[in-house]
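Protein chains in written order, with this note's numbering: chain A, 4 to 636; chain B, 4 to 636.
We put the CB at the ideal spot given by N, CA and C, even for glycine.
For reference, the structure is listed below as structure tokens.
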């Protein structure tokens, strides 16, 4: 980055402001919900985005953007977001504040030069206002949502999720219209069981069964809780990472907020190199969505990038470091066992998971079993003291069609199933990561194996990519697989950007990847028959049919792009009210016909006996409206 | 267009040149094939694109670009392409040249002003070198590929198709490698029956059964024959149309060639307004792929856009006009029957097919049965005299999820099945058009209904779009449905561009739409288990794994974009030979690991008994290569 600090800072401030702008025609609304908790009644405020249509209707949609996009809230990224969850956690009385682990320069990759030290100091200064006193479970306590759920306790987090998933179903049901249509379009849940009304008690049941995860570290009070499970809306994760020479908090938080704007339900911070700890302070304190990490990445930095120098002690310390910061879920590659490594020797693309290859390197160097596997229960002890959820990593996922569904992949998957049971014995919330590169005809087998061996623990897949030759367009090649596996039962889809296999995604790549995945997730929700999921489609189709152009733009996934595409062909403001579009033009409009058809249909009923001649003449006379001369431009 | 004629012409000449540039690392090759025909032996030359890899391997891929992208051929768009098929047609001796229907100004929308007349004259002048003497079947003869096929005649067209579909399977088989992998990845044809070796005789059988169509008008000698059928590679169609104020032949042919470059197997000319006939002269004479049209569009222009003024006489004359020009397939909305129109009255989005709504308007105005239905056999008589194939249009396709799979849609589909049988009685080649907007869980039902009622006649679908809310990204929302229905048995996919529902696609939209659909088609071919389809994926995965960056770019669907994405992150030429990528960087590389794993695996076999300590030390020593200090930029 050659731009002077000041102008760079300016640029990132501008980008952050762009990411925070309200969507056109939309405003942030909060539904109020009274919840009874063991500690007494509680009011929760669940955010939604309300889109006002030109016909007076209002459509509310699920909203991941938190206080961002709400002009009423001024966010100072150097102080962090408000923490409404703090009182919920405190009220439970099973946690204690304590003097956490103190920051070590190694947490930020260490310093080798005076300049390096100065730089770290400058960046740490930007995190000064973001330091919080960590909490942990009191001795002997278990503070996971799973633990509460199994004891019949409905938490505010569960109530929040219920309200959020329920959305405006009354409106939706009303909007969806006639019974014939609903019967015809009834979804195929393929084993999903989604109730018409979502209650906090039902959410508790899903969490208790391990079918849903609510990633919610007690040290992440800024969180707006969400659930990941096959009976919930399909969620999307976006990966972000620090810039090699980060200009600071505005730049990194800008990436987070940009992801939220385009629909990221969770965000994974995959930062590497220097300043990982400080970057994470910036991210977590400013995130209303769950933050996930792959702790082995930071551990590797602490040992100078030499995998075989990794140790349980360093890894354990890293888990606590990140748990105290408030990370909500950890990718842990504990299923990559020593005996499985040989199974990858004949693969077309070997081991492509970065975490997986780090651990494989460690295992074969020491010829020892994976220390994440041997220390798994110790990891559970840490997770349950903070309610960090497991995302059990698929270190042996296929990196090409050729390696899909091979023994290496499935041997690891079966092991993840065993580890799920172990994690559940500790009441630690758990989800399972999946591939990767899988041709369409082998996707169902992945879902079946996961359901069979992992006991319905939420599946969290990367794509899968359905072909290998789409370099530059892998967000599309993988959105196909993502939509299919989402329909089959996958709970969360990790996005893929156009830069996959080629480079690091920029701002627009992140947007393109997220929109492709919101399409996949919504297609899955519609196919599953998620109640009301289709209401937004019906609303936009009605707008399209009635030539309410602004409504069509605003109901879409990307109003700005839709509007600009329309304007390229028909720029004039008038065209947005015109009862025609650029496809057929003013001379002829296929939509216009239908009114004639309806009139005809009516007339027919009325005068079934009427003579042809009369009718013919009558319509002939009406034919004039059908030929509108084009105005000279 | 405000640019002066000259600069506009310059721009279009440049764009045409861009579209003709050979792909990086690729060259046009032709396989020679000796064919025995009833008229004696014949040599055919089938084009393919050969990609030379840096490791000495050569990968050949299916090529739609004809003489374009071949530097050895200089194309003059005002004279048209050479016509190798002319001798094949003439040799059959069942056709005759005749003085065709003479050009009527109405064919080009008529002229109302002196300027209009002058403009038409100027544009016609650009078609002067493209006029050909039309041929038709001799009295009583039937010149369709279906007619020959049913009589056991293998035509040069069938032989050409066989060679083209076969491609380099020997190489592919060799490349695909070990048996375990092939068994594991064996496709699921879902009823498709694709032989390991494709012979001209097998192609004949598919055509004879009506399962495949070879659109090949006898007046289109420039054609490189291709087949559309569920047992062939899934094909992609691109729609193009004339510009309101066309600058001339270079502009319109430029759109055609651009579509071919990105993989259009057929192109539909959906021109409207003025100069339709002249534009078609330009397109057909310069097209190596089949050209399809919707004749009702031109007929409507001839009656000033007043649907109720349409008549069989005008329509019939338009069919002959276009058949003489060499159009290979016609979309005919003959299945939209009067009784079905009322079924659309309660739809969310009524009738969205332009052709469908034109005919609905005509039917309800006159309260008469659709004249395309009542005159269907007369249409067949025309089609078989030129071998124009039917693409039976779905005028009642759903325009929203809400209308998917309703009685209006399926009633029309069943009628298309009846018409297919009628067309086959005349030996007229026939394919069936399909939707539209369909949620994932209703796609299989569309395929099942089509197979059941249309007797395996090739299905040709638009998308389907799996959601309605993706305005600006409908190429992605529909690529999901297209990949699925392609796997289920659809033979050709009509592309959707990002401008769908919003405006007219520009040059980049056409490219984006085509690449999304090549992804969908290839994903379907891989899932169906088309022999060798996966070989290109294996080749690119091997290149990816071995850090052969240039090979990875050149084997992809869009080498230029892949290269530019890579260069954004690692611009240096050196990086293209680097044994690492930007995802993990030089300090750590997951791909690099696998070599260690292979060595380890080898070593283990060799010295199963060797002590841990020794091995540990050995790998520790090797660990050095694992930490490569980053060079200062």
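As assigned by DSSP and simplified to three states, the class of residue i
i, result
"residue 63 of chain A", "strand"
"residue 304 of chain A", "helix"
"residue 476 of chain A", "coil"
"residue 266 of chain B", "coil"
"residue 246 of chain A", "coil"
"residue 273 of chain A", "coil"
"residue 46 of chain A", "strand"
"residue 465 of chain A", "strand"
"residue 605 of chain A", "helix"
"residue 384 of chain B", "helix"
Whole-angstrom distance between residue j and residue i, CA atom to CA atom
i, j, result
"residue 7 of chain A", "residue 13 of chain A", "Low local confidence applies: a pLDDT of 49 at residue 7 of chain A is under 50, so the model's placement there is unreliable, with the coordinate-based value given in what follows. About 10 Å."
"residue 139 of chain A", "residue 330 of chain A", "13 Å"
"residue 536 of chain A", "residue 216 of chain A", "21 Å"
"residue 237 of chain B", "residue 532 of chain B", "12 Å"
"residue 235 of chain A", "residue 409 of chain A", "30 Å"
"residue 352 of chain B", "residue 485 of chain A", "28 Å"
"residue 335 of chain B", "residue 507 of chain A", "48 Å"
"residue 225 of chain B", "residue 159 of chain B", "14 Å"
"residue 397 of chain A", "residue 438 of chain B", "38 Å"
"residue 366 of chain B", "residue 539 of chain A", "34 Å"
"residue 198 of chain A", "residue 401 of chain B", "28 Å"
"residue 40 of chain A", "residue 441 of chain A", "45 Å"
"residue 192 of chain B", "residue 155 of chain A", "49 Å"
"residue 562 of chain B", "residue 26 of chain B", "8 Å"
"residue 553 of chain B", "residue 505 of chain A", "11 Å"
Extent of the continuous beta strand (DSSP E) run through residue i
i, result
"residue 408 of chain A", "Taken as a continuous stretch (DSSP letters only), residue 408 of chain A belongs to no beta strand (DSSP E), as it is neither H nor E."
"residue 141 of chain B", "Per DSSP, residue 141 of chain B belongs to no beta strand (DSSP E) and is neither H nor E."
"residue 333 of chain B", "332 to 335"
"residue 37 of chain A", "29 to 40"
"residue 229 of chain B", "Taken as a continuous stretch (DSSP letters only), residue 229 of chain B belongs to no beta strand (DSSP E), as it is neither H nor E."
"residue 435 of chain A", "433 to 437"
"residue 398 of chain A", "Here residue 398 of chain A belongs to no beta strand (DSSP E), and DSSP marks it neither H nor E."
"residue 295 of chain A", "294 to 296"
"residue 443 of chain A", "Looking at the DSSP string, residue 443 of chain A is not in any beta strand (DSSP E), and its letter there is neither H nor E."
N- and C-terminal bounds of the alpha helix (DSSP H) containing residue i
i, result
"residue 449 of chain B", "446 to 457"
"residue 152 of chain A", "148 to 153"
"residue 364 of chain B", "357 to 369"
"residue 239 of chain A", "First-last for residue 239 of chain A: 238 to 243, but that is the beta strand (DSSP E), not the alpha helix (DSSP H)."
"residue 521 of chain A", "510 to 531"
"residue 643 of chain B", "No answer is possible for residue 643 of chain B: it lies beyond the span of chain B, which begins at 4 and ends at 636."
"residue 572 of chain A", "562 to 572"
"residue 282 of chain A", "279 to 288"
"residue 328 of chain B", "315 to 328"
"residue 545 of chain A", "538 to 548"
"residue 555 of chain A", "552 to 558"
"residue 341 of chain A", "341 to 344"
Residue i CB to nearest heavy atom of the ligand COA below 7 Å
i, result
"residue 433 of chain B", "Among the components of this structure there are no ligands whatsoever, and the ligand COA is therefore not found."
At 3 residues or longer, what runs of the beta strand (DSSP E) sit wholly inside the segment 55 to 133 of chain A? 61 to 65, 98 to 100
Let me know the alpha helix (DSSP H) ranges lying completely inside the segment 160 to 223 of chain A, each 4 residues or longer, listed in chain order. 172 to 179, 182 to 188, 203 to 211
Inter-stretch contact (C-beta, 8 Å, three-pair minimum) for the segment 201 to 209 of chain A and the segment 468 to 483 of chain A: no
Can you find at least 3 beta carbon pairs, one from the segment 264 to 284 of chain B and one from the segment 84 to 99 of chain B, that sit closer than 8 Å? no
Between the segment 490 to 499 of chain A and the segment 564 to 579 of chain B, do three or more beta carbon pairs fall short of 8 Å? no
Kindly confirm or deny that the segment 272 to 285 of chain B and the segment 31 to 47 of chain B touch, where touching means at least three C-beta pairs closer than 8 Å. no
Would you check if the segment 349 to 363 of chain B and the segment 318 to 329 of chain B touch, i.e. whether three or more CB-CB distances between them fall below 8 Å? no
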